[in-house]
Amino acid sequence: MEERYGHHMTPAAFRRHGRAVVDWIADYMERVEEFPVLSQVDPGTLRAQLPASPPEQGEPFERILGDVDRLVMPGITHWQSPSFFGYFPANASGPSILGELLSAGLGVQGMLWATSPACTELETHVLDWMVELLGLPAPFLSTGEGGGVIQDSASSATLCALLAARERATAGAATARGVDRPLAVYATDQAHSSVEKAVRIAGLGTDLLRTVPTDAGHGMDPVALRQLVDADLAAGVTPCMVVGTVGTTSSNVIDPLPLIGEVARDLGVWFHVDAAMSGTAAVCAELRWIHDGLELADSYCTNPHKWLFVNFDCDVFYVADRGALVRALSILPEYLRNQATETGSVIDYRDWHVPLGRRFRALKLWFVLRHYGAEGLRHHVREHVALTRELASWIEADPDFELAAPAPLNLVCFRYRSARDPEKANRRLLETLNASGELYLTHTVLDGRFTLRLSIGALATRREHVEAAWECIRATARAGEPDAG
Ligand SMILES: *Cc1c(COP(=O)(O)O)cnc(C)c1O
0 MEERYGHHMT
10 PAAFRRHGRA
20 VVDWIADYME
30 RVEEFPVLSQ
40 VDPGTLRAQL
50 PASPPEQGEP
60 FERILGDVDR
70 LVMPGITHWQ
80 SPSFFGYFPA
90 NASGPSILGE
100 LLSAGLGVQG
110 MLWATSPACT
120 ELETHVLDWM
130 VELLGLPAPF
140 LSTGEGGGVI
150 QDSASSATLC
160 ALLAARERAT
170 AGAATARGVD
180 RPLAVYATDQ
190 AHSSVEKAVR
200 IAGLGTDLLR
210 TVPTDAGHGM
220 DPVALRQLVD
230 ADLAAGVTPC
240 MVVGTVGTTS
250 SNVIDPLPLI
260 GEVARDLGVW
270 FHVDAAMSGT
280 AAVCAELRWI
290 HDGLELADSY
300 CTNPHKWLFV
310 NFDCDVFYVA
320 DRGALVRALS
330 ILPEYLRNQA
340 TETGSVIDYR
350 DWHVPLGRRF
360 RALKLWFVLR
370 HYGAEGLRHH
380 VREHVALTRE
390 LASWIEADPD
400 FELAAPAPLN
410 LVCFRYRSAR
420 DPEKANRRLL
430 ETLNASGELY
440 LTHTVLDGRF
450 TLRLSIGALA
460 TRREHVEAAW
470 ECIRATARAG
480 EPDAG
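Numbering (numbering that gives the first Met the number 0), first residue to last: 0 to 484.
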């Protein structure tokens, strides 16, 4: 069989190697539990084993794939492991991986409707489905003034929200001439770092990122927000955007959207809601309360690539009125002119995000929604929430541990407390747990105190894994006590 034409891989060879890669992934799914969850390699391990220069001659595919096992796998932290409880879930479900593969196979660039009509229309349609699935406000539907788009990440969504907000706040002047008067952005110290990054990229200046005080539960204080905005208005600073978070990365705090939205509406400030980590929980009707007040938002994003079984990258970003977004980002060079665009009857998604080119990401989201069905998605989200509540109840019942924050969805923040130096004991506990390879947790600092975070949401995680994790945490904590008896 011909392996190559010229230097390219023949379709026949691709078929064979492709099957080997799919088998490789299926094998990995079956044995992911056997690996130490956190990669145990030292810095430089992989690079020391790679040749200094790229190969002059092409190599057989088998050898390349073999090197994945030999060289790459030791340096992998297993996000797909059932005992991965770090950061946030990042699920690569079967249907999602297959959608991703098809997207690569088609190799479509979907910047314009005309460059692949199906790429645009499937995306628009699936994003409208997501509005229904999550019970989002109707203005986010593409059938009105608003609509949704898939972004690579929530960071990009926040940046695009800010560019649209800047466009609206300055009536286009900032887009045309640059930022020539101060524009302020408001968020709490619990908001994601991507808010500050967006402020930097948009050229607003980080000293114009206002840190809104929080209440005892770390949620944004709407009265303090109003005072900050009023003070800025009085000082000649234009309030540009306020960011509310539904499920902060640190501890899953849910900002009071109805009250923030009211201030934003009264004072004419763009209201962006960042629900990257937790918004997808709203597939379950009983969890939709997390979005109370969202009808006041100008824009919203959530990450199916975190907790809706779609592999990275897939952030869904919505605007209630697409006008400002498209005005801020639309540039039509001659070589992209085409009839469909001229008629104004189609969506050209290049005007909805920073890059020009775009992958056919809607395929994997479509595959996931159809494979699971709304019922399947709800089932698994409910399962994660139930496991989280169960773990939180075990922690509460153990006098040596304490919950550091409420656990409304799929994240538990907790501390070991019977140690002499709780700060040091909790740091050491986390290090020891992660070095064991048995499980992987990450940390945050809440109220100035080191806090362990355990996020439940990997595809393969079942009750037995959470139970085993809890046993491991308790045993490790007690073994670490100097006078443990
Ligand atoms: C994870 C997260 C982000 C950033 O997500 P990316 O898609 O990786 O950019 C933003 N906001 C919140 C609340 C998050 O949890």
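In this text, a Cβ means the ideal position worked out from N, Cα and C, and glycines have one as well.
These figures come from a predicted structure and were not determined experimentally.
By the beta-carbon neighbour count (other beta carbons within 10 angstroms, threshold 16), residue 44 is exposed. According to the DSSP assignment, residue 299 belongs to the beta strand (DSSP E) that extends over 298-301.
Restricted to the stretch 302-351, the beta strand (DSSP E) segments that are unbroken, complete and at least 3 residues in length are 314-318, listed in chain order. Residue 270 sits in a strand when the DSSP states are folded into three classes. Contact between residue 228 and residue 308 does not hold, since the beta-carbon distance rounds to 39 Å and is not under 8 Å. Within the model, the alpha-carbon separation for residue 376 versus residue 282 is close to 7 Å. For residue 404, the Cβ stays outside the 7 Å cut-off from all heavy atoms of ligand 1. Put simply, the backbone Cα of residue 182 is about 48 Å away from that of residue 464. In the DSSP assignment, residue 374 forms no beta bridge with any residue.
The bridge partners DSSP lists for residue 185 are 209 and 241.
Taking residue 151 as the centre and dropping the five residues before and after it, the same chain places the C-beta of 312 closer than 6 Å to its C-beta, in chain order. In the displayed model, residue 294 falls within a helix according to three-state DSSP. Looking at the DSSP output, residue 253 bridges to 245. Boundaries of the alpha helix (DSSP H) harbouring residue 97: 93-105, taken from the DSSP string. Under the three-pair Cβ rule at 8 Å, the stretch 182-198 counts as touching the stretch 225-241.
Around residue 325, the same chain offers 350 and 351 as residues with beta carbons nearer than 8 Å, after the five sequence neighbours per side are excluded. Given a length threshold of 3 residues, each whole run of the beta strand (DSSP E) inside the stretch 384-432 is given here in chain order: 400-402 and 410-415. Residue 259 and residue 462 have their C-alpha atoms roughly 37 Å apart. Per DSSP, the unbroken alpha helix (DSSP H) holding residue 124 starts and ends at 116-133. For residue 27, the secondary structure class from DSSP, reduced to helix, strand or coil, is helix. Selection 126, 434, 189 and 360 evaluated against residue 300 yields 126 as nearest (Cα-Cα). Pairing residue 425 with residue 415 gives a Cβ-Cβ distance under 8 Å. Out of 178, 480, 386 and 220, the CA that lies nearest to the CA of residue 207 is found in 178.
Secondary structure of residue 76 (DSSP, three-state): coil.
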